[in-house]
Amino acid sequence: MKKQLWGIFCVTLSASCTAINQKDAYLDNLAAKIPVTVFSENFESGLSQWSQLSGTWTTGTPAPNGVALISPTSALAATFSITTVNNIDLSQSANCELQYDARYSLSASAGVLAQVLYAGSVVGELKNTSGTSAISSATQFVTYKTTLTTGITGKLTILTAVAAGTAADVRIDNILVTCNNPLTAAYSSVLDNFENGAANWSLASGWALTAGAGVAGSTAAKVANSSPNTAATATYLPNINLQGRSGCVLSYFYNLAGSGYPTYNVTLYINALAVRADYASVPSLTVSQYLTAFEGQSANTLYIGCMQTGNPSVAICAIDNLTLNCQQ
Numbered sequence: 003m004k005k006q007l008w009g010i011f012c013v014t015l016s017a018s019c020t021a022i023n024q025k026d027a028y029l030d031n032l033a034a035k036i037p038v039t040v041f042s043e044n045f046e047s048g049l050s051q052w053s054q055l056s057g058t059w060t061t062g063t064p065a066p067n068g069v070a071l072i073s074p075t076s077a078l079a080a081t082f083s084i085t086t087v088n089n090i091d092l093s094q095s096a097n098c099e100l101q102y103d104a105r106y107s108l109s110a111s112a113g114v115l116a117q118v119l120y121a122g123s124v125v126g127e128l129k130n131t132s133g134t135s136a137i138s139s140a141t142q143f144v145t146y147k148t149t150l151t152t153g154i155t156g157k158l159t160i161l162t163a164v165a166a167g168t169a170a171d172v173r174i175d176n177i178l179v180t181c182n183n184p185l186t187a188a189y190s191s192v193l194d195n196f197e198n199g200a201a202n203w204s205l206a207s208g209w210a211l212t213a214g215a216g217v218a219g220s221t222a223a224k225v226a227n228s229s230p231n232t233a234a235t236a237t238y239l240p241n242i243n244l245q246g247r248s249g250c251v252l253s254y255f256y257n258l259a260g261s262g263y264p265t266y267n268v269t270l271y272i273n274a275l276a277v278r279a280d281y282a283s284v285p286s287l288t289v290s291q292y293l294t295a296f297e298g299q300s301a302n303t304l305y306i307g308c309m310q311t312g313n314p315s316v317a318i319c320a321i322d323n324l325t326l327n328c329q330q
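Using this note's numbering, you'd call the opening residue of the sequence shown number 3 and step up by one each time.
(1) Report the rounded CA-to-CA distance for Asn183 versus Ser95, giving the unit in angstroms.
(2) What residue range is occupied by the uninterrupted beta strand (DSSP E) comprising Val307?
(3) Going by Cα to Cα distance, which pick from Asn241, Ala234, Ala317 and Cys98 is closest to Gly208?
(4) Measure the CB-CB distance between Leu128 and Tyr102 and report whether it falls below 8 Å.
(5) For the region 239 to 258 and the region 57 to 67, state whether three or more C-beta atom pairs, one from each stretch, are separated by less than 8 Å.
(6) Please go through the same chain and pick out, in chain order, the residues whose beta-carbon is closer than 7 Å to the beta-carbon of Leu205, but skip the five residues on each side of it.
(7) Considering Phe296, what are the terminal residues of the beta strand (DSSP E) in which it resides?
(8) Just list the residues that DSSP pairs Glu197 with in beta bridges.
(9) Give me the residue from Cys181, Ser135, Thr294 and Lys147 with the minimum Cα distance to Thr153.
(10) What distance in whole Å lies between the Cβ atoms of Lys147 and Ile90, which are believed to be in contact at a cut-off of 8 Å?
(11) So what does DSSP say about Val164, is it helix, strand or coil?
(12) Within its chain, find whatever has a CB closer than 7 Å to the CB of Thr145; leave out the 5 residues flanking it on each side and keep chain order.
(13) How about the region 285 to 295 and the region 309 to 316: do they share at least three Cβ pairs that are nearer than 8 Å?
Set out below in structure tokens:
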């Protein structure tokens, strides 16, 4: 009888231990999935967490709440940067995300720039230095998010630049870096590699599909533009939906050549704004461009312009392998 009771006790104890272990494993797993704040900044206590590397950054209004970080100004060409005093350590973290509110008004001139960097790498760009259109949030603070590379440690940096007589008015608030965020599916789309025709395009001003003009001798869209100061455009017809997406990067290959003595360029236009230009000094390259300023919009337009600014001359441009990647 004693042996039987002892056997029942052992079985009961074993079941209890198993239940406790399962409960502990469940709680550990649940805790691992709760987002953890690694860094936060609302600038209500000034700039004590920041080092001003160049220019005089301040805080003030307007802001989404309280005060916001305000970028410096200059009548002459200048570059300004501010960085966190301490590294933001993601070396032991996973599924990390940067979130911030931004309001900006950036002049329509090359040389005007606004970027956010982590560990020296660009993670958000409101205006590329080669862009020649004004970029603005229309006096509104817009919330942006982007996934950060984990397994490393580094500082968060905000960078702006102006050309002579221009402005880069950037205000940043409510910065938040969290880890252990729920996994989300990345969005990736090949807009076109031109191997199956150009049904998605309106190819004006002499653009045509050309064998051997693209990546590794593939087919590409190509044009020879002999009209000075007039862009020959290739327009992507479907609207590009960036609603609910973040960390969006557009990549594409270009090839650029010409004759005469002009300046040649291939220019990317988003929503009819010239956001990036590449020149004959680098005649062939696959480039990547952040679309931060256009995220959240459901109907973005895209076209590529081939331009030459001399006469008589001709600019020869080819584009290929347009790909859109968003982190969320």
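All C-beta atoms in this analysis are idealised placements derived from N, C-alpha and C, irrespective of residue type, glycine included. Since the model is a prediction, treat every value here as computed from it, not as a measurement.
The relevant details are as follows:
(1) 10 Å
(2) The sequence shown places Gly at residue 307, rather than the Val named in the question. That run of the beta strand (DSSP E) goes Asn302 to Gln310.
(3) Ala234
(4) no
(5) No, the region 239 to 258 is not in contact with the region 57 to 67.
(6) Ala223 and Ala236
(7) Note, Phe296: premise wrong, no beta strand (DSSP E); not H, not E.
(8) The partner list for Glu197 (beta bridge, DSSP) is empty, contrary to what the question assumes.
(9) Position check: residue 153 holds Gly in this sequence, whereas Thr was assumed. The shortest C-alpha separation from Gly153 is found at Cys181.
(10) Contact annotation, Ile90 with Lys147: C-beta distance approximately 16 Å; criterion of less than 8 Å not satisfied.
(11) strand
(12) Gln101 and Asp103
(13) no
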